[in-house]
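So for the sequence shown, this note's numbering puts the first residue at 51; every next one is plus one.
We treat Cβ as the ideally placed atom computed from N, Cα and C, and that holds for glycine.
Remember, it's a predicted structure, so these values are computed and weren't measured experimentally.
One structure is given here, and the rest of the page talks about it.
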Amino acid sequence: MSEAATVVLLLIAAFGVFLVDVYGRGPVSRQRLDRFARRQQLRVTADNGNQVIRYLATTRRWRVAGLIGGIAASQIGAPAGTIVNFNFVAIFAGWFLGALVAEVRVDHLAHGRVRAASLRPRRPEQYVRPFTWALVPATAVIALVTGAITAVADRTGWAEPNWAWAGLWLGLAVAVAVTVRLIQRAVLRRAQPVAAPDVIEADDAIRSRSLHVLSGGGAALVLFLTLNLLASLRPTAVGAQQVVAALVLIGVFAVALLGWLVATSMWPPRRPGTDLANPAPA
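See the structure below:
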């Protein structure tokens, strides 16, 4: 890494520390709290308000830290002679890694003096649409199919893939999908102690929003890695090279849009035994 690139990296690190300290640890705005309540149709009360604010503050802090880490990582991996480099996949991966850490760091509901947990079964369809829950494993299947196509193209002479990179992207895609699914199941099965109804509603809303972010962000990252796998295909025909390049370019925008739509979609938790969602905020 050149001296200029090192200086840029140090500036990014300094700015990142400042951003995490000022923005990541700052107060949660009323607008952000209202947006969360609107998406989840949650009635925010004096008892559950701080619970939601702690969740929003924790996720913001770790996502900002991950974003800065992704920017720094893309700078470290810059090609020789490049002073400033921004790799979108690396930046997004950093942000999503921060989102994963945030789910581990989020404060859960505490038990009272007598430990008691709700025996109500929690199923994915109470918190997310079936499409959203199936999205991450579906993207893993897409990655595996793309890997199989790459192998067939290599065998038939249609392409000369770079297997060092192709294997890396495929392995990372499957690893991300498995990791996200495990964390999703941990979020879904997280113990829920007996508490006031509005506090339970907030806990369910947090659980639902977490599953949406993990589904949208996880699926997007797996598909971005799959697009990298597709880019390493290296078809032998000139026309085919242009087609693959166009597919990758269009795919980047389509995947980003899909991830954003899923992560921000409105789907309030459903109460067991009814088709009703939690009451909407006044």
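- If you draw a straight line from the Cα of Thr-206 to the Cα of Val-312, it comes to about 38 Å.
- Residue Phe-146 holds the alpha-carbon nearest to the alpha-carbon of Arg-110 among Ala-193, Phe-146, Asn-137, Arg-88.
- Boundaries cannot be given for Ala-209, as no alpha helix (DSSP H) includes it and DSSP labels it neither H nor E.
- For the segment 239-323, the continuous alpha helix (DSSP H) assignments of 4+ residues that do not extend past its boundaries occur at 247-281, 288-313, in sequence order.
- Straight-line spacing of the CA atoms in Ala-209 and Val-202 works out to 9 Å.
- The criterion of a C-beta distance shorter than 9 Å is satisfied by Ser-315 and Arg-179.
- Counting other Cβ atoms within 10 Å of its Cβ, Ser-79 stays below 16 and is therefore classed as exposed.
- Gln-91 sits in coil when the DSSP states are folded into three classes, being neither helix nor strand.
- Contact between the segment 227-247 and the segment 146-155 is established, with three or more Cβ pairs separated by less than 8 Å.
- Look at Asp-97 here: in three-state DSSP terms it is coil, with no helix or strand label.
- For Ala-295, the number of other beta carbons within 10 angstroms of its own is below 16, and it is reported as exposed.
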